[in-house]
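Step one of this worksheet: look at the structure below.
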RNA sequence: UGCCCCGUGGUGUAAUUGGCAACACGUCUGACUCUGGAUCAGAAAAGUUCAGGUUCGACCCCUGACGGGGCAGCCA
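Residue numbers (our numbering): 240 to 794.
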């Protein structure tokens, strides 16, 4: 099974490790991965990469995939985040059998295991303050100093640790530390902290605990309890692996293999939860799901599909070297997906009125338009045509640059699915701005009739003035003006002031009045758009631009 | 300065485990087109950070440099 499904795609180094493990029967043929988010923020596209990797492995090898909240720090974690994360993981299509797991459910077991380490003389209660611990940890080149509390008796440690648990001491008064090696060149091995005292309410365990396990102590425990085989995490945990291994070895329990890969970095955005939180809290954006945010909920609201994000994850691959991925890969993925099934529509974003002077006043024709040239089964629809229309302001230019083949004074252009028109007169206002065009149409050129051999270079979209519906359209651009804002001293100063352009009077083809929230369309020649799930109402349509169409017209 | 990891076209990844570098995005031509989209055909673009070594042969193995990243939270 596994061999078959993974046979012809090129394998990343993690798949190779798993193949080898299967060959040597290291895990009895089992493959079990997990995605362990801390519920302290919303998931972003980097997490999506991890979810796709972990879930993809379980899927490809017919193994299991767990969703587990690593909720070991009550001071930063909230239920709101838990809920958003579950929604995002489901939306992405990762199957966790609807079993939501929590590290906090293992607190009792972890406590017992900590007691076990104390009994083995592998852990001790330390009275040093945070500052003292930092001061005695040593430096990059010098070893640390052993804590004066390092050699307390097992009995004393046991009793002290129990009192820590019972709440006898204030925050920070004591810690439980692993007794390893203060001279280790790896900082993580210099008697790392396993438990700290925190009198805070936990989002799930309430006030049951006032000691909480640290990541290093907790994480391997969690993986072990769940029977994880391959514990995949990002590069910054590489130095923690010896500690991960040490804890599990002391305990002698199921010992998963930790494997590290490079996290995703996308250009023109930021990916750290801290920075994203700041953007939200300081109102640079509209919330975690602002369509400009690189969060999963932001992409969802923007109109991205789970398929596109999964394909993107596939395209970028998995490796150990850190990289800065070009956003164009993501944009390719969503265009490629939407192109296949997005219903086409004509929508004029910035309207310019056109009067067809030789077209009968009051006459209306219903013209046939193709719903999706990529999929004939999508059928056709009728679009009303009349004497007064709107076209895109940018589709008319008085003094066109070389190569421009849309409408110009005295020039002709095809109105998509309708007629060829000729620009006879340009009407301007007092400021000299073009406000209206008077054109004539050629009745012989009606679409599909083949009664004319006339050829024109350009075809533009349009909408009948009296039939059009109004909408607000939000055009999004990259959130930052620099490729890697995280590298900038004042990263907030590089926010793109034009990352959102709101168009309040866009004119849409009438059938769009039935568009439902979240529904996606291609506005021909403009890009892919979706109905905003939050702000769109029956009376006021709001569309978000997901991504533009590729535009090969230069200059 | 100590330890760990990484270095392949502009970008992201590959290279049958040692046989003179492939795919995708992007870019540029051209064809077609009632979306300057899609599609199709083609092109440019790295000689694999560098220097030694092993070998008939090195992107791959070894050594050393150089470059990048990570680590001194009672965050994860």
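Don't be surprised by glycine CBs; every beta carbon is placed ideally from N, CA and C. Keep in mind that this is a model prediction, so the values were computed, not measured.
So residue i is in the alpha helix (DSSP H); what residue range does that whole segment cover?
i: residue 572; result: 566-580
i: residue 490; result: 480-490
i: residue 291; result: 284-299
i: residue 660; result: Looking at the DSSP string, residue 660 is not in any alpha helix (DSSP H); the run it does join, the beta strand (DSSP E), is 659-667.
i: residue 193; result: Residue 193 is absent from the model: the chain starts at 240 and stops at 794.
i: residue 258; result: 252-262
i: residue 370; result: 369-375
i: residue 379; result: Unbroken run through residue 379: none, as it is neither H nor E.
i: residue 519; result: 512-520
i: residue 530; result: Looking at the DSSP string, residue 530 is not in any alpha helix (DSSP H), and its letter there is neither H nor E.
i: residue 693; result: Taken as a continuous stretch (DSSP letters only), residue 693 belongs to no alpha helix (DSSP H), as it is neither H nor E.
i: residue 323; result: 318-331
i: residue 545; result: 545-555
i: residue 352; result: 346-358
Pull up the DSSP beta-bridge partners for residue i, would you.
i: residue 766; result: 762 and 787
i: residue 701; result: 630
i: residue 713; result: 741 and 783
i: residue 305; result: 273
i: residue 653; result: 659 and 698
i: residue 681; result: 659
i: residue 613; result: None; residue 613 has no bridge partner.
i: residue 584; result: 762
Return the Cβ separation of residue i and residue j in integer angstroms, given the expectation that the two are a contact with Cβ distance under 8 Å.
i: residue 461; j: residue 345; result: 6 Å
i: residue 508; j: residue 719; result: 6 Å
i: residue 623; j: residue 530; result: Contact doesn't hold; Cβ gap of about 31 Å is too wide.
i: residue 541; j: residue 785; result: 5 Å
i: residue 628; j: residue 704; result: 6 Å
i: residue 307; j: residue 273; result: 5 Å
i: residue 723; j: residue 563; result: 6 Å
i: residue 700; j: residue 631; result: 7 Å
i: residue 594; j: residue 652; result: At roughly 15 Å, the Cβ-Cβ gap does not stay under 8 Å, so residue 594 and residue 652 are not in contact.
i: residue 586; j: residue 754; result: With a Cβ gap of about 11 Å, residue 586 and residue 754 do not count as contacting.
i: residue 365; j: residue 386; result: 5 Å
Residue i: which of the options sits nearest, CA to CA?
i: residue 372; options: 538, 416 and 566; result: 416
i: residue 452; options: 354, 568 and 564; result: 354
i: residue 605; options: 585, 657 and 574; result: 657
i: residue 747; options: 793, 644 and 588; result: 588
i: residue 492; options: 395, 467, 685 and 689; result: 467
i: residue 435; options: 311, 503 and 549; result: 311
i: residue 316; options: 442, 366 and 343; result: 442
i: residue 729; options: 556, 481, 514 and 595; result: 514
i: residue 389; options: 401, 381 and 363; result: 363
i: residue 330; options: 536, 553 and 368; result: 536
i: residue 713; options: 546, 693 and 743; result: 743
i: residue 361; options: 485, 547 and 677; result: 485
i: residue 370; options: 780, 412 and 553; result: 412
i: residue 512; options: 498, 285 and 763; result: 285
i: residue 546; options: 752, 496, 333 and 769; result: 333
Ends of the beta strand (DSSP E) at residue i?
i: residue 606; result: 604-609
i: residue 623; result: 619-624
i: residue 364; result: 362-365
i: residue 471; result: 469-473
i: residue 536; result: Taken as a continuous stretch (DSSP letters only), residue 536 belongs to no beta strand (DSSP E), being part of the alpha helix (DSSP H) at 535-541.
i: residue 732; result: Note, residue 732: premise wrong, no beta strand (DSSP E); not H, not E.
i: residue 341; result: 339-341
i: residue 590; result: 590-595
i: residue 500; result: 496-500
Residue i: beta carbon under 6 Å from a heavy atom of the ligand NAD?
i: residue 420; result: The ligand content of the structure shown is nil, which means the ligand NAD is not present either.
**Message:** As an exercise, report each continuous beta strand (DSSP E) stretch of at least 3 residues that is fully enclosed by the segment 390-414, in chain order.
**Reply:** none
**Complete alpha helix (DSSP H) runs within the segment 429-473 (minimum length 4 residues, chain order)** = 454-465
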